[in-house]
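Residue numbers (the working numbering), protein chains in the order written: chain A, 1 to 328; chain B, 329 to 656.
Think of the CB as a built atom: it goes at the ideal place given N, C-alpha and C, for glycine as much as any other residue.
Predicted model only: the values in this text are computed from it and were never measured.
Notes for the one structure printed next.
Number of protein chains: 2
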Amino acid sequence: MKLATLKDGSRDGQLLVVSRDLKTACIADGMAPTLQRALDDWNFMAPQLDELYARLNGGRAANSFDFDASKCMAPLPRAFQWADGSSYVNHVELVRKARSADMPDSFWHDPLMYQGGSDDFIGPQDDIVMASEEWGIDFESEIAVITGDVPMGVKVQNAAEHIRLLMLVNDVSLRNLIPAELAKGFGFFQSKPASSFSPVAVTPDELGDAWKEGKVHLPLRSSLNNMLVGQPNAGVDMVFSFPQLITHLCKTRNARAGTIVGSGTVSNKDAAKGYSCIAEKRALEMIAVGEPVTPYMKFGDSIKIEMLDKNGKSIFGAIEQSVVEQHG
Amino acid sequence: MKLATLKDGSRDGQLLVVSRDLKTACIADGMAPTLQRALDDWNFMAPQLDELYARLNGGRAANSFDFDASKCMAPLPRAFQWADGSSYVNHVELVRKARSADMPDSFWHDPLMYQGGSDDFIGPQDDIVMASEEWGIDFESEIAVITGDVPMGVKVQNAAEHIRLLMLVNDVSLRNLIPAELAKGFGFFQSKPASSFSPVAVTPDELGDAWKEGKVHLPLRSSLNNMLVGQPNAGVDMVFSFPQLITHLCKTRNARAGTIVGSGTVSNKDAAKGYSCIAEKRALEMIAVGEPVTPYMKFGDSIKIEMLDKNGKSIFGAIEQSVVEQHG
């Protein structure tokens, strides 16, 4: 099934069930008011929501209306956890190569993961508001899963069963703040402002056979200023599957329902597939011609992130955002 | 006023108003069911809760009962943000000196802060459950504030007004996992398991004149296995005040209601004040005798963290935890 969150002026919005073709929606009235509440009691809620989803797809749901992604918040407008991996190690290797830094061999078998801020996500079509272009504003196109409760020490073979939903992410990054911040040794902080998510979160079964081995085997499309710049296949070159990332996350602690785990910037070794963040394009330029050419995002620039199924239909709806200057 | 969260089997528990002397409590019935809900609508809720607090202190509250910290969850059992600073730069300098690493001068004017996991906090008297002693289990005694909504780019002089509540924290750390994790460059992750918090969160006015310039001017007492090992004054050698930490947090993003901001391990330059984490004690031993002597915590060890007012009364109640081996 497909779920979304309607802007209603409240902090957590209103849970919507959305039709498979993303054309209609209805409020999950009398079931769960918010997505977090549904996740908190998933085994009880999911069958009811799924039944409503079937009625909606069959044109038999009461009080359905046209689905409008611009009226959506992030599926989880605020979450209790956002942990972002870096599974496409090719991307990490490229970025490091561009600055002549070797990559430790351990990066191929021990996942990189950072804890992100999760209190204030932005909606799929909300502006990316920033005070300064000098910060090096970049997008990062990723896939994320939302989990149920996962116990500390979970084994890889048991981790997949805790995956409830999948989404797309724009993990906005401030490239020019990263070097100084990482040099301090405590990881990303100011360099990772609020992330945005696709209008719709979907259960794994919606992906059909594109969901296997804990990976999504479809191209992730990124368009910068309306030009397609990347379409790497998210199932290719993903060194750590989502179950592996969840296992990494839970080595020393539980993860509770509503935890979001990101894949990291999707990247294929085949450079013809383009890029899912400007930093990677700049790394390739650095390696090829000795200096980066493509600028980071400026005020007014736009980014669209989307994933289509085998029939060309959008699965999650599109993230479509503009970068806007903060005033006041 | 003083607020706590009662274990009731639910994920967020039941909001309690607790008397100033920590002897009685009552359920904030008909007001806010949970602390997060109170924080979400603080201007509306706080006066009502404060009125109940006055009645409770005067022995005039209906349905009050004996307050029992062992039945408490963390005041926010799960939070949308936990951002921990490192304001006692003395502590950072000592730990680095012990491993013969210079500290960049920037650490004195640019706060260190990391994003912590916030989805699964442990209660003030809950066990610290860990799979292995080999991870180097340590406590870290800290102070934290809970904020309301804070806008991106907030100025230091405006940050204090967003502080709603204060708590004590045990920021449990796994010392032997830290070096390899920090070497990866993405900051703490597995080395920072679930944190625990004091039974009670208090509004700043409860601290009287001990709350000034965005710092708490009282000793923070840590007892390891029932022996007092530290009582540094949290108002001394705190290089970055809470308003400064909040400003750092909000440089590139908003912080939303219920954000928890930590002070970092409390530490005084005066070594006679003892220590608020074993790592600091070991650093002092390393500097003095060339090797660390004090071991990290073993299964069965206990830690108590408390702050007393000028009259010797506990302000927040005590964090009192034992380290326990995970089974299964």
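List, in chain order, every chain B residue whose beta-carbon is nearer than 7 Å to that of residue i.
| i | result |
| --- | --- |
| ARG78 (chain A) | PHE408, ARG584 |
| GLY185 (chain A) | LEU510 |
| GLN326 (chain A) | MET480, GLY481 |
| PRO193 (chain A) | THR580, ARG581 |
If residue i sits next to residue j, beta carbons under 8 Å apart, how far is it from one beta carbon to the other, in whole angstroms?
| i | j | result |
| --- | --- | --- |
| LYS626 (chain B) | VAL651 (chain B) | 7 Å |
| VAL202 (chain A) | PHE121 (chain A) | VAL202 (chain A) to PHE121 (chain A), Cβ: 17 Å. No contact. |
| GLU142 (chain A) | GLY262 (chain A) | 5 Å |
| GLN115 (chain A) | PHE517 (chain B) | 6 Å |
| SER87 (chain A) | PHE240 (chain A) | 4 Å |
| GLN326 (chain A) | MET167 (chain A) | That belief does not hold up - the Cβ atoms of GLN326 (chain A) and MET167 (chain A) are roughly 26 Å apart, past 8 Å. |
| ALA54 (chain A) | MET45 (chain A) | Actually they are not in contact, since the Cβ atoms of ALA54 (chain A) and MET45 (chain A) sit about 15 Å apart, beyond 8 Å. |
| VAL557 (chain B) | TYR603 (chain B) | 6 Å |
| GLU608 (chain B) | SER630 (chain B) | About 19 Å; that fails the 8 Å criterion. |
| LEU577 (chain B) | GLY185 (chain A) | The pair is not a contact, with the Cβ atoms about 18 Å apart (cut-off 8 Å). |
| LEU350 (chain B) | SER550 (chain B) | Wrong, their Cβ atoms sit about 19 Å apart, outside the cutoff. |
| ARG581 (chain B) | ALA194 (chain A) | 5 Å |
| LEU363 (chain B) | LEU404 (chain B) | 6 Å |
| ASP138 (chain A) | ILE260 (chain A) | About 20 Å separates the two Cβ atoms, so there is no contact after all. |
| HIS91 (chain A) | THR265 (chain A) | 5 Å |
| GLU360 (chain B) | THR475 (chain B) | The sequence given here has Ala at residue 360 (chain B), not Glu. Between THR475 (chain B) and ALA360 (chain B) the Cβ distance is about 17 Å, and since that is not below 8 Å, they are no contact. |
| GLY515 (chain B) | GLY187 (chain A) | 2 Å |
| PHE408 (chain B) | PHE65 (chain A) | 30 Å between Cβ atoms; not a contact. |
| ALA599 (chain B) | LEU612 (chain B) | 6 Å |
Starting from the beta carbon of residue i, find every residue of chain A whose beta carbon is closer than 7 Å, and list them in chain order.
| i | result |
| --- | --- |
| ALA390 (chain B) | The premise fails here: ALA390 (chain B) is roughly 30 Å from chain A at the closest Cβ pair, so nothing lies under 7 Å. |
In chain A, what lies closer than 8 Å to residue i by C-beta?
| i | result |
| --- | --- |
| MET441 (chain B) | PHE186, PHE189 |
| ASP659 (chain B) | Lying outside 329 to 656, the shown extent of chain B, residue 659 (chain B) is not represented and no answer is given. |
| THR587 (chain B) | ASP119 |
If you compare alpha carbons, which of the options is closest to residue i?
| i | options | result |
| --- | --- | --- |
| GLY358 (chain B) | B:GLN342, B:HIS419, B:PRO623 | B:GLN342 |
| LEU505 (chain B) | B:GLY513, B:VAL564, B:THR587, B:SER519 | B:SER519 |
| PHE242 (chain A) | A:LYS215, A:SER223, A:THR252, A:LEU228 | A:LYS215 |
| CYS72 (chain A) | A:ALA83, A:ARG11, A:ALA101, A:PRO111 | A:ARG11 |
| VAL172 (chain A) | A:GLY117, A:LEU284, A:LEU207 | A:GLY117 |
| THR5 (chain A) | A:ALA272, A:SER196, A:GLY153 | A:SER196 |
| ASP205 (chain A) | A:ALA101, A:ASN254, A:ILE163, A:PHE80 | A:ILE163 |
| GLY451 (chain B) | B:ASN498, B:LYS601, B:LYS540, B:GLU468 | B:ASN498 |
| MET238 (chain A) | A:LEU224, A:ILE260, A:THR247, A:ASN268 | A:ASN268 |
| ILE27 (chain A) | A:PRO292, A:LEU284, A:ASP110, A:LYS2 | A:LYS2 |
| VAL200 (chain A) | A:ASP41, A:MET307, A:ALA32, A:TRP42 | A:MET307 |
| PRO560 (chain B) | B:PRO547, B:ASN553, B:GLN572, B:LEU552 | B:PRO547 |
| ALA397 (chain B) | B:GLY387, B:VAL617, B:ASP454 | B:ASP454 |
| LYS579 (chain B) | B:ALA599, B:ASP412, B:GLY481 | B:GLY481 |
| GLN244 (chain A) | A:ARG256, A:ASP84, A:ASP309, A:ILE287 | A:ASP84 |
| LYS483 (chain B) | B:ILE574, B:ASP369, B:SER526 | B:ILE574 |
| PRO151 (chain A) | A:ASP119, A:ASP8, A:ALA257, A:PRO292 | A:ALA257 |
| ASN57 (chain A) | A:ARG20, A:VAL89, A:LEU174, A:GLY235 | A:ARG20 |
| VAL18 (chain A) | A:GLU51, A:TRP42, A:ASP41 | A:GLU51 |
| TRP82 (chain A) | A:ASN311, A:VAL145, A:ASP102 | A:VAL145 |
| ARG96 (chain A) | A:ASN63, A:ALA234, A:ILE287 | A:ILE287 |
| LYS540 (chain B) | B:ASN371, B:PRO375, B:GLY563, B:ALA429 | B:GLY563 |
Interface residues of chain B around residue i at Cβ under 9 Å?
| i | result |
| --- | --- |
| ALA131 (chain A) | MET480, GLY481, LYS579, THR580 |
| LEU174 (chain A) | THR580 |
| task | Taking only beta carbons into account, state which residues of the segment 273 to 298 of chain A come closer than 9 Å to chain B, listed in chain order. | result | none
| message | As an exercise, report each continuous beta strand (DSSP E) stretch of at least 3 residues that is fully enclosed by the segment 63 to 107 of chain A, in chain order. | response | 81 to 85
| request: Would you list, in chain order, the members of the segment 422 to 450 of chain B that have their beta-carbon closer than 9 Å to a beta-carbon of chain A? | output: PRO432, SER434, PHE435, ASP438, LEU440, MET441, TYR442, GLN443, GLY444, GLY445, SER446, ASP447, ASP448
| task | Would you mind listing the beta strand (DSSP E) stretches within the segment 99 to 170 of chain A that are 3+ residues and don't spill past its ends, in chain order? | result | 113 to 116, 128 to 130, 141 to 147, 163 to 170
| Considering only residues of the segment 562 to 631 of chain B, which uninterrupted beta strand (DSSP E) runs meet the minimum length of 3 residues and lie entirely inside it, listed in chain order? | 587 to 590
| task | Please go through the segment 486 to 556 of chain B and give each complete alpha helix (DSSP H) segment of 4 or more residues, from N-terminal end onward. | result | 506 to 511
| In the segment 340 to 369 of chain B, which residue ranges form an unbroken alpha helix (DSSP H) of at least 4 residues, counting only runs that do not cross its ends? | 363 to 368
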